[in-house]
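Peer 1: My questions all concern the structure below.
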Ligand SMILES: [Zn+2]
Ligand SMILES: [Zn+2]
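Chains as they are written, first to last, in full-length UniProt numbering: chain A, 1 to 232; chain B, 1 to 260.
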């Protein structure tokens, strides 16, 4: 019976709405970690025998999250079998973050993250491990083998937490021996972080006009154009 | 078919996101945030917002999120009488509910603390008593584990601690009211004025009824009387006890989301 009702089209509209509502609650309850949610976990914890309708239900939940909560649920395909979802904050609402009152720890992580993303952006989208290290050491944020009293264990955040939250990618540079790694923007950063406000921030620090950073400014315009087109 | 009414706009979405993430916010601060959102949406016409506009926005949000058994409620703090907005789950509470982030042992500890507070004389429990609960928990939790756990519950706004005492947060009291009134039916106090759970308040020395300070103030001051609303016994001290609680105008309580 379960397998029959699990087929698309066999759900009553009430059952369907209940499953969508449950899925939304489940996704929102994971919002605090910012980790991606596995499709399999949604099936295991929420949909259960209705796993066959998961695509349909998750599409419904995506619509609810957008129209009611103003959030975006994005599918991230890691490989063809494993599908993840990520709940993204609307870039338009990013100024609201200041009303959220995060715990101290999260606040310091946000600062570190913005510094890291700025650096990668200013360096054309990719930064080697060595350069990242020396950048952070020069700022006094990182010293070898010691945890910073405000930022905590910086390297662990950069290569662990931020990667898991998909703000950063920490990938091996191919065909190098001994192996070397580099940092790039992760999928969540692409969706949530505005290049324009980062560039404005950097310009403020250097006392320049954002337009003077020609390459970066072009990239700002280009990504904004792409986002507009995608939204249409 | 649209999921939201036509007048549900980005202001509602943004305000909802903030309330949902904060979960407990002072009414005045919420109003401040609401005004800032209004101003950023409507730059050229940045007229000052009115409390009523925010309350209307909240009741529209409540209509829209009802399908998830979520609700924004307005309640007053038992001690300070400050008005707060709380983002709560109305069917299954968020702490012990289906999608809880806590482990079984952590929840067991929390339930023991709940019991201690609800069955106490004054609505709180000493930190020492909490630390000693480790012996009655499964696993080998040390006192410092418990200390960290209490802090975690405080950070998550379920408990608060001050001067060596552990209290239930307003968020807990409101969200866990259905659970507490069924699980500890014999120990909990219901305020006879507003018919809601009360943990700390004014206790009548004749019938031992417990009243919210803010409810007692409305009752006594409005009619200029100093009697217990439950047993009518004279309570010469009641006026002094409620004197320091702030009195809100009737207008504040006319919204359908009011509570407590
Ligand atoms: Zn009351
Ligand atoms: Zn009495």
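Glycine included, every Cβ here is placed at the ideal spot set by N, Cα and C.
Contact criterion: CB-CB distance below 7 Å. Does residue 164 of chain A meet it with respect to chain B?
Peer 2: As a first step, residue 164 of chain A must be located in the first chain, where it is residue number 164. With 7 Å as the cut-off, residue 164 of chain A does not count as an interface residue toward chain B.
Peer 1: Quick test of the definition: if touching needs 3 or more C-beta pairs under 8 Å, does the segment 168-176 of chain A touch the segment 96-105 of chain A?
Peer 2: No, they do not touch.
Peer 1: Helix, strand or coil for residue 214 of chain A? Go by DSSP, reduced to three states.
Peer 2: As a position in the first chain, residue 214 of chain A is number 214, starting the count at 1. Helix at residue 214 of chain A.
Peer 1: Taking three-plus beta-carbon pairs below 8 Å as touching, is the segment 103-123 of chain B in contact with the segment 165-179 of chain B?
Peer 2: Taking 8 Å as the limit for Cβ pairs, the verdict is that the segment 165-179 of chain B does touch the segment 103-123 of chain B.
Peer 1: Using a cut-off of 9 Å between C-beta atoms, extract the partners of residue 278 of chain B located in chain A.
Peer 2: No answer is possible for residue 278 of chain B: it lies beyond the span of chain B, which begins at 1 and ends at 260.
Peer 1: Looking at the structure shown, is residue 51 of chain A part of a helix, part of a strand, or coil, going by DSSP?
Peer 2: Against the first chain, residue 51 of chain A aligns to sequence position 51. Helix at residue 51 of chain A.
Peer 1: Starting from residue 89 of chain B and walking both ways along the beta strand (DSSP E), at which residues does that stretch end?
Peer 2: Mapped onto the second chain, residue 89 of chain B falls at position 89. Counting along the chain, the beta strand (DSSP E) containing residue 89 of chain B begins and ends at 83-89.
Peer 1: Counting pairs of beta carbons, one from the segment 77-95 of chain B and one from the segment 19-27 of chain B, are three or more of them closer than 8 Å?
Peer 2: A contact exists between the segment 77-95 of chain B and the segment 19-27 of chain B.
Peer 1: Buried or exposed for residue 166 of chain A, please, with buried defined as at least 16 other CB atoms from any protein chain shown within 10 angstroms of its CB.
Peer 2: The sequence position of residue 166 of chain A within the first chain is 166, counting from 1. Result: buried.
Peer 1: Just the residues with CB closer than 6 Å to a heavy atom of ligand 2, in chain order, which are they?
Peer 2: Result: B/204, B/206, B/207, B/209, B/228, B/230, B/231 and B/233.
Peer 1: If you reduce the DSSP assignment to three classes, tell me which class residue 113 of chain A lands in.
Peer 2: The residue labelled residue 113 of chain A in the question sits at position 113 within the first chain. Helix.
Peer 1: Mark residue 123 of chain B as exposed unless 16 or more other C-beta atoms lie within 10 angstroms of its C-beta, in which case mark it buried.
Peer 2: For the purposes of this step, residue 123 of chain B is identified with residue 123 of the second chain, where counting begins at 1. Residue 123 of chain B is buried by the Cβ-count criterion.
Peer 1: Could you check how far apart the C-beta atoms of residue 159 of chain B and residue 143 of chain B are, in whole angstroms? I think they sit under 8 Å.
Peer 2: By one-based count along the second chain, residue 159 of chain B stands at place 159. By one-based count along the second chain, residue 143 of chain B stands at place 143. That pair is no contact at about 17 Å.
Peer 1: Buried or exposed: residue 7 of chain A, going by 16 or more other Cβ atoms within 10 Å of its Cβ?
Peer 2: Here residue 7 of chain A corresponds to residue number 7 of the first chain, with the count starting at 1. Any reading at residue 7 of chain A needs caution, since the residue's pLDDT is 48, under 50, leaving its predicted position unreliable; the model's value is listed next. Under this definition residue 7 of chain A is an exposed residue.
Peer 1: With a 10 Å radius around its C-beta and 16 neighbouring C-beta atoms as the bar for buried, classify residue 50 of chain B as buried or exposed.
Peer 2: Locating residue 50 of chain B in the second chain gives position 50, counting from the first residue. Classification of residue 50 of chain B: exposed, given that the 10 Å Cβ count is below 16.
Peer 1: Please classify residue 11 of chain B: is it buried, with 16 or more other beta-carbons within 10 angstroms of its beta-carbon, or exposed?
Peer 2: For the purposes of this step, residue 11 of chain B is taken as residue 11 along the second chain, with counting starting at 1. With 16 or more Cβ atoms within 10 Å of its Cβ, residue 11 of chain B is classed as buried.
Peer 1: Using beta carbons (cut-off 7 Å, strictly below), is residue 5 of chain A in contact with chain B?
Peer 2: For the purposes of this step, residue 5 of chain A is taken as the residue at position 5 of the first chain. Confidence in residue 5 of chain A is poor, its pLDDT being 45 and thus under 50, which makes the residue's placement too unreliable to answer from.
Peer 1: With a cut-off of 7 Å, does the C-beta of residue 35 of chain A fall near any C-beta of chain B?
Peer 2: Your numbering for residue 35 of chain A matches position 35 in the first chain. So no, residue 35 of chain A is outside the interface.
Peer 1: Along the chain, where does the alpha helix (DSSP H) that runs through residue 35 of chain B open and close?
Peer 2: The residue labelled residue 35 of chain B in the question sits at position 35 within the second chain. Element bounds for residue 35 of chain B: 27-41.
Peer 1: I want to check one thing, is the minimum distance from the CB of residue 65 of chain A to the heavy atoms of ligand 1 below 6 Å?
Peer 2: Against the first chain, residue 65 of chain A aligns to sequence position 65. No; taking the cut-off as 6 Å, the Cβ of residue 65 of chain A has no heavy atom of ligand 1 nearer than that.
Peer 1: Helix or strand or just coil, what does DSSP make of residue 125 of chain B?
Peer 2: Here the question's residue 125 of chain B lines up with position 125 in the second chain. It is a strand residue.
Peer 1: Could you round the C-beta distance between residue 212 of chain B and residue 78 of chain B to whole angstroms and report it? I think they count as a contact, below 8 Å.
Peer 2: Sequence index remark: in the second chain, residue 212 of chain B carries index 212 (1-based). Sequence index remark: in the second chain, residue 78 of chain B carries index 78 (1-based). The Cβ separation is near 6 Å, so the contact holds.
Peer 1: According to DSSP, residue 24 of chain B sits in a beta bridge with which residue or residues?
Peer 2: Residue 24 of chain B sits at position 24 when you count from the first residue of the second chain. Bridge partners of residue 24 of chain B: B/86.
Peer 1: Using the beta-carbon of each residue, which ones in chain A are nearer than 9 Å to residue 87 of chain B?
Peer 2: Stepping through the second chain from its first residue, residue 87 of chain B is reached at position 87. Near residue 87 of chain B there are no residues of chain A at all, since even the closest Cβ is about 11 Å away, more than 9 Å.
Peer 1: Return the CA-CA distance between residue 35 of chain A and residue 146 of chain B, expressed in angstroms with no decimal places.
Peer 2: As a position in the first chain, residue 35 of chain A is number 35, starting the count at 1. As a position in the second chain, residue 146 of chain B is number 146, starting the count at 1. Taking the straight line from one Cα to the other gives about 27 Å.
Peer 1: Got a sec? Which residues, its chain only, sit under 6 Å from residue 90 of chain A by beta carbon, not counting five neighbours each side?
Peer 2: Reading the first chain from its first residue, position 90 is the one you call residue 90 of chain A. Only 70 meet the Cβ criterion.
Peer 1: Do the segment 17-26 of chain A and the segment 55-65 of chain A make contact, defined as three or more Cβ pairs closer than 8 Å?
Peer 2: Taking 8 Å as the limit for Cβ pairs, the verdict is that the segment 55-65 of chain A does touch the segment 17-26 of chain A.
Peer 1: Taking only beta-carbon positions, decide if residue 99 of chain B is within less than 7 Å of chain A.
Peer 2: Your numbering for residue 99 of chain B matches position 99 in the second chain. Interface residue, yes.
Peer 1: From the DSSP output, in three-state form, read off residue 82 of chain A for me.
Peer 2: Here residue 82 of chain A is taken as the residue at index 82 of the first chain, counted from 1. Residue 82 of chain A falls in the coil class under three-state DSSP.
Peer 1: Looking at C-alpha atoms only, which residue of A/73, A/49, A/50 and A/140 is the closest neighbour of residue 115 of chain A?
Peer 2: The sequence position of residue 115 of chain A within the first chain is 115, counting from 1. Residue A/140 is the option with its Cα nearest to residue 115 of chain A.
Peer 1: Just checking: is the beta-carbon of residue 70 of chain A within a distance shorter than 7 Å of some beta-carbon in chain B?
Peer 2: Here residue 70 of chain A corresponds to residue number 70 of the first chain, with the count starting at 1. Closer than 7 Å: yes.
Peer 1: Counting only C-beta atoms, is residue 3 of chain B closer than 7 Å to chain A at any point?
Peer 2: Taking the second chain and counting its residues from 1, one reaches residue 3 of chain B at position 3. By this cut-off, residue 3 of chain B is an interface position.
Peer 1: May I have all residues whose beta carbon comes closer than 5 Å to any heavy atom of ligand 1, sorted in chain order?
Peer 2: Listed along the chain, these residues meet the criterion: B/191, B/193, B/194, B/212 and B/215.
Peer 1: Hey, out of B/224, B/60 and B/230, whose CA is closest to residue 243 of chain B's CA?
Peer 2: As a working note, residue 243 of chain B is residue 243 in the second chain. Closest option to residue 243 of chain B, Cα to Cα, is B/224.
Peer 1: Just grab the DSSP bridge partners of residue 131 of chain B for me.
Peer 2: Along the second chain, read from residue 1 onward, the residue named residue 131 of chain B stands at position 131. Residue 131 of chain B pairs with nothing; no bridge assigned.
Peer 1: Mind checking residue 185 of chain B: buried by the 16 CB within 10 Å criterion, or exposed?
Peer 2: The residue labelled residue 185 of chain B in the question sits at position 185 within the second chain. That one is exposed.
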